[in-house]
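K.L.:
Reading the sequence shown from the start, the letters are residues -17 to -1, 1 to 93 in mature numbering (1 follows the signal peptide of the UniProt record, and there is no 0).
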Amino acid sequence: MARGTLFLLAFCALAAAAMVSRERRAVNTEDQQEPISTTTQRLICEPQTPCAWSIYKPGLKYLTQNLTNSYCVCSADTVCQVNEDDTSVNAYIHRCRPPPTEEEEYESDR
């Protein structure tokens, strides 16, 4: 009896998941098969939206992976630079910011 009920619940959950419309899915698998156009214009990242992440090993902060946001890009007058160290996920968060002035670059080199 319990095995039959468990099977019925699993079947209903799978059926309900399959009925979610393509537009409401978190991952749109149908679009992944289509070629990506290089001419489509990407959105400009908002100031609070990360433009990239640098994942590091905890403790040593040795970079293991760099991920670039594929959803948006920085505007022409900004650059993607480290803005935050999120230790909860072991990553440096990059955001679009105005490029540093020569004085700021000199100070950071010291």
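By construction, the Cβ of each residue, glycine as well, lies at the ideal position given by its N, Cα and C atoms.
All values derive from a computational prediction rather than experimental measurement.
What residue from C55, Q48, N66, N49 has the CA that sits closest to I76's CA?
P.N.:
N66
K.L.:
Please classify E86: does DSSP put it in a helix, a strand, or coil?
P.N.:
helix
K.L.:
Would you kindly work out how many angstroms separate the C-alpha atoms of E88 and C34, rounded to a whole number?
P.N.:
21 Å
K.L.:
Considering only the alpha carbon of each residue, which of T51, E86, D68, P81 lies closest to T61?
P.N.:
P81
K.L.:
Is it the case that the Cβ atoms of I38 and L26 are separated by a distance below 9 Å?
P.N.:
Taking 9 Å as the cut-off, the beta carbon of I38 is found no closer than this to the beta carbon of L26.
K.L.:
Return the chain-ordered list of same chain residues with a C-beta closer than 7 Å to the C-beta of Q48, the five sequence neighbours on each side being excluded.
P.N.:
I38
K.L.:
Relative to the alpha-carbon of P30, which residue among K44, T70, C79 has its alpha-carbon at the smallest distance?
P.N.:
C79
K.L.:
For Y45, which residues from the same chain have a beta carbon less than 7 Å from its beta carbon, with the 5 sequence-adjacent residues on both sides left out?
P.N.:
Excluding residues up to 5 positions away in sequence, Y39 lie with their Cβ nearer than 7 Å to the Cβ of Y45 in the same chain.
K.L.:
Can you tell me which residues form a DSSP beta bridge with A74?
P.N.:
According to DSSP, A74 bridges with I38, D69.
K.L.:
For the ligand COA, any of its heavy atoms closer than 8 Å to the Cβ of D60?
P.N.:
Absent from the structure shown: the ligand COA. Ligands present: none.
K.L.:
Closest by CA to S53, which one among T84, W36, L43, A59?
P.N.:
W36
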